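Enquirer: In UniProt numbering, the protein residues as written are 1 to 170.
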């Protein structure tokens, strides 16, 4: 029988994985919400789809379920404070939103006006895996800019790459 990796060992190893920092927002009949996440990635381009992970015990989970939409806002180095606010440094949702400028997609989703890119998503599927919900979102709109340096999270700290890193293609 194979031994399981401990939670601490896994978390320490994942801290060594560099990831972009995102603020995930929702807006709709259930209200407005948002949280900071690094667990976001593309799934497929037919149809354009991405995934986001959220702790299933989050008080905001129901907002995302009921609104059936979310927006992934990829942050720049200038958004370090905002990332902290949406990670829980500010409990009041209105205070979190008041700390930045937002635009509204046609769908009603809130997008950070100066995000590197914002993906407006329709919630297509939710899967519960362990402690987290995996939100699968079909991308229905995109807003992006050509400048800015991504805010990254590595070794439990915010970091940034001083030059444009480029693309691996695909």
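Don't be surprised by glycine CBs; every beta carbon is placed ideally from N, CA and C.
Since the structure is predicted, the reported quantities are computational estimates derived from the model, not experimental observations.
1) Whole angstroms is fine: what's the gap from residue 170's alpha carbon to residue 48's?
2) So, is residue 21 buried or exposed, given that buried needs 16 or more other C-beta atoms within 10 angstroms?
3) Please classify residue 130 as buried or exposed, where buried requires at least 16 other C-beta atoms within 10 Å of its C-beta.
4) Please confirm whether residue 63 and residue 26 have their CB atoms less than 8 Å apart.
5) Would you decide whether residue 113 is buried or exposed? Buried here means 16 or more other CB atoms lie within 10 Å of its CB.
6) Sorted by chain position, which residues of the same chain lie with C-beta nearer than 6 Å to residue 65's C-beta, five sequence neighbours on each side aside?
7) Going residue by residue through the UniProt domain "Flavin reductase like" (14 to 160), where are the continuous beta strand (DSSP E) segments of at least 3 residues, counting only ones entirely within it?
8) Roughly how many whole angstroms lie between the Cα atoms of residue 108 and residue 1?
9) If we count the other Cβ atoms within 10 Å of its Cβ and call it buried at 16 or more, is residue 120 buried or exposed?
Expert: Judging by the given coordinates:
1) The residue given as residue 170 occupies position 170 in the chain shown. The residue given as residue 48 occupies position 48 in the chain shown. Low confidence applies here, because residue 170 scores a pLDDT of 49, under 50, leaving its location unreliable; read the following figure in that light. If I take the Cα positions, the gap works out to 14 Å.
2) The residue labelled residue 21 in the question sits at position 21 within the chain shown. The residue is buried, with at least 16 neighbouring Cβ atoms inside 10 Å.
3) In the chain shown, the residue the question calls residue 130 occupies position 130. The residue is exposed, with fewer than 16 neighbouring Cβ atoms inside 10 Å.
4) Working through the chain shown from its first residue, we reach residue 63 at position 63. Working through the chain shown from its first residue, we reach residue 26 at position 26. The Cβ atoms of residue 63 and residue 26 sit closer than 8 Å to each other.
5) Locating residue 113 in the chain shown gives position 113, where the first residue counts as 1. By the 10 Å Cβ count, residue 113 comes out exposed.
6) Counted from its first residue, the chain shown places residue 65 at position 65. None.
7) Taking only runs of at least 3 residues, the beta strand (DSSP E) segments lying wholly in the UniProt domain "Flavin reductase like" (14 to 160) are 22 to 26, 33 to 37, 40 to 45, 48 to 55, 69 to 74, 102 to 104, 110 to 112, 117 to 129, 132 to 144, 151 to 154, 157 to 160.
8) The count along the chain shown starts at 1 and reaches residue 108 at position 108. The count along the chain shown starts at 1 and reaches residue 1 at position 1. Cα to Cα, residue 108 sits roughly 51 Å from residue 1.
9) As a first step, residue 120 must be located in the chain shown, where it is residue number 120. By the 10 Å Cβ count, residue 120 comes out buried.
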